[in-house]
DNA sequence: CTGAAAGCGCTAACAT
DNA sequence: ATGTTAGCGCTTTCAG
């Protein structure tokens, strides 16, 4: 029923090898034969079977992508960066959600290995020893996107989160604030706990501002969480006058909660988020934000992977992209 | 280097067939043999090669998903619905972005057929004849998610867009409005042009409100477009007092633009969007919205596909999900 | 309950 | 420039 390379060969009076050659653009084919074969391919509507090809060549031209949750803009942006570059290099993507669950991540790695992907791009907020171990025995190359591993041994693409956080907080300090809250996503995330948080503390320390643990909140990375966090911290006898948040949603929650108690932004309190998604421009006041270039991280990660897959020499397996701040209306 | 089914067979002193049976959970294996084989599999870290399996069995347990743009929350939500159900039925997903481009869609269909996917879920705002033709000759079943084809012949999952739009506009009419704008995404989308728009007109007609084409705007489905549209239509000598928008972003743009000229929502103008994404709750005033259950549409579409793939009998190939309105603060 | 053997559709030496 | 021939690793009759 389905037409195979053999059918084409027979109809064109050539061998399978020749058909294979023209299909794969091998130059060692006489133009006339090529034309003849192409004609038959067209007439028979022949379409190469990628599975058979994969088995024979041990290459599937598909890469696995494991991210926490595609329905989250944050990760979706990353996925799009990955996909665009993958397409550019003729790879397809097998996309799976891990929900930040270690067990699922391991399971997914296994099924992707089983599917013989040529490589994997993974984003994980907490690369455990177990997973690291698993990745080190991977049959295909892996690169981390927007994720760090303790060992700092895996190929990866990130920005300097510590420095970026430092700069954001410094901006707030420069604007005269002494009481600056850090409203973060979960501290189970290495980047939140060991990078952004450190940057926050560095900035305070440099300015000789005493660290107050009451001003550090770590919960979910959501709008509602932002509202709760504001309500909570605003009840302190000496509430913060500025907020540095781990995400746009958190910042918006903070702002709305503040407005609800009659405070205005940026007059009464200033807010800087760490993300700069499309959302940042779609709220009033528009969010000042430390830009996390998710799309670029995804794109560069995929590009790095293609290089590794084709065994090109690479000088820096750990890529650190530049960052910048987008100042809008939630700061003065 | 890699361990194959043959290695396991040899080590366990059984045939490949037996190993295959235990791997695939075939009950026709003596418990002791099964145990022995399992032990060897574990010891050798054997992992079945899905590509070889796919070639032999003609099933890949992967389905293709074609959507316009994963970085758009709208489609990302759909993708998540698809993926969750796919995972539940042990399928993996090959995800690709079409950018609403017919040529790309056709290309993607072809590469997915080539990769021997067991089925495809596709969202396309404009299912052209050419694509329909292509899908009708597909080697694997296809279901449309949140998309309609003229012929209404493809398996699909949708809501009754016309009715939903009608209800939204009726609500506005019931609130006393006579000048109601329809701010839509592109009319190249069948759903916008032949469904939502019709619902809008039906509601007006029923209420004997004269249709005014100046109140119908069709452009991009974006925040900025909403701002522009408001500025444009608000300059009419008899500007609208209510807006029915094709998406949340459009609604937010409208609201912000209105606020910028000193109008307040919902006091001066009322707005209802058609979408109800997470965004709807994250702006002030919170958006009243006709719910487009993207996640469910994706999930049901995938479920439908699993049924078709396993050749189950299905009574309704065209599924119409219920819809509902979420009334919040942008309407009285 | 188990084994032997024939493919699945293609690539990749190796010949010619 | 083209053909021959082994596989790739697994499933699936068909026997027994």
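Chains as they are written, first to last, in the numbering used here: chain V, 3 to 334; chain Z, 3 to 334. Glycine included, each C-beta is placed from N, C-alpha and C at the ideal position.
CB residue i to CB residue j, shorter than 9 Å?
i	j	result
residue 347 of chain Z	residue 143 of chain Z	Beyond the ends of chain Z as shown, which are 3 and 334, falls residue 347 of chain Z; an answer cannot be given.
residue 327 of chain Z	residue 84 of chain Z	no
residue 277 of chain V	residue 259 of chain V	no
residue 182 of chain Z	residue 228 of chain Z	no
residue 186 of chain Z	residue 128 of chain Z	no
residue 289 of chain V	residue 273 of chain V	yes
residue 287 of chain Z	residue 263 of chain Z	no
residue 214 of chain Z	residue 243 of chain Z	no
residue 333 of chain V	residue 177 of chain V	yes
residue 209 of chain Z	residue 173 of chain Z	no
residue 280 of chain V	residue 225 of chain Z	yes
residue 116 of chain Z	residue 52 of chain V	yes
residue 76 of chain V	residue 252 of chain V	no
residue 211 of chain V	residue 284 of chain Z	no
Using alpha carbons as the reference points, say which of the options lies closest to residue i.
i	options	result
residue 238 of chain Z	Z:252, Z:216 and Z:225	Z:216
residue 223 of chain V	V:234, V:240, V:249 and V:241	V:249
residue 9 of chain V	V:43, V:32, V:30 and V:113	V:43
residue 175 of chain Z	Z:207, Z:92 and Z:150	Z:207
residue 54 of chain Z	V:49, V:61 and V:48	V:61
residue 311 of chain Z	Z:120, Z:147 and Z:39	Z:120
residue 87 of chain Z	Z:204, Z:306 and Z:75	Z:306
residue 300 of chain Z	Z:89, Z:314 and Z:31	Z:89
residue 246 of chain Z	Z:292, Z:285 and Z:233	Z:292
Provide the residue span of the beta strand (DSSP E) that contains residue i, from first to last.
i	result
residue 247 of chain Z	244-247
residue 288 of chain Z	That residue, residue 288 of chain Z, is in no beta strand (DSSP E); it is neither H nor E in DSSP.
residue 64 of chain V	64-69
residue 237 of chain V	That residue, residue 237 of chain V, is in no beta strand (DSSP E); it is neither H nor E in DSSP.
residue 147 of chain Z	144-147
residue 274 of chain Z	272-277
residue 121 of chain V	121-124
residue 218 of chain V	218-220
Tell me whether residue i is buried or exposed, calling it buried when 16 or more other Cβ atoms sit within 10 Å of its Cβ.
i	result
residue 322 of chain Z	exposed
residue 41 of chain V	exposed
residue 160 of chain Z	buried
residue 4 of chain Z	exposed
residue 27 of chain V	exposed
residue 34 of chain V	exposed
residue 58 of chain Z	exposed
residue 19 of chain V	exposed
residue 325 of chain Z	buried
residue 153 of chain V	exposed
residue 17 of chain V	exposed
residue 112 of chain Z	exposed
residue 94 of chain V	buried
residue 316 of chain Z	exposed
residue 318 of chain V	exposed
residue 70 of chain Z	buried
residue 155 of chain V	exposed
residue 139 of chain V	exposed
residue 240 of chain V	exposed
residue 30 of chain V	exposed
By Cβ distance below 7 Å, which residues in the same chain neighbour residue i in space, the five residues on each side in sequence not counted?
i	result
residue 12 of chain V	none
residue 36 of chain V	24
residue 97 of chain Z	67, 72 and 81
residue 110 of chain V	68, 98 and 100
residue 107 of chain V	68, 100, 126 and 133
residue 56 of chain V	62 and 118
residue 114 of chain Z	66, 96 and 122
residue 38 of chain Z	14
residue 22 of chain Z	7
residue 233 of chain Z	259
Using a Cβ-Cβ cut-off of 8 Å (strictly less than) and excluding sequence neighbours within five positions of residue i, which residues of its own chain qualify?
i	result
residue 188 of chain V	127, 194, 220, 221, 222 and 223
residue 298 of chain V	83 and 323
residue 78 of chain Z	72
residue 130 of chain Z	104
residue 50 of chain V	7 and 25
Who are the near neighbours of residue i in its chain, counting only those whose CB is closer than 6 Å to its CB and skipping five residues on each side?
i	result
residue 308 of chain V	91
residue 198 of chain Z	163 and 167
residue 184 of chain V	202, 218 and 246
State the start and end residues of the unbroken alpha helix (DSSP H) segment that holds residue i.
i	result
residue 171 of chain V	163-176
residue 199 of chain Z	199-208
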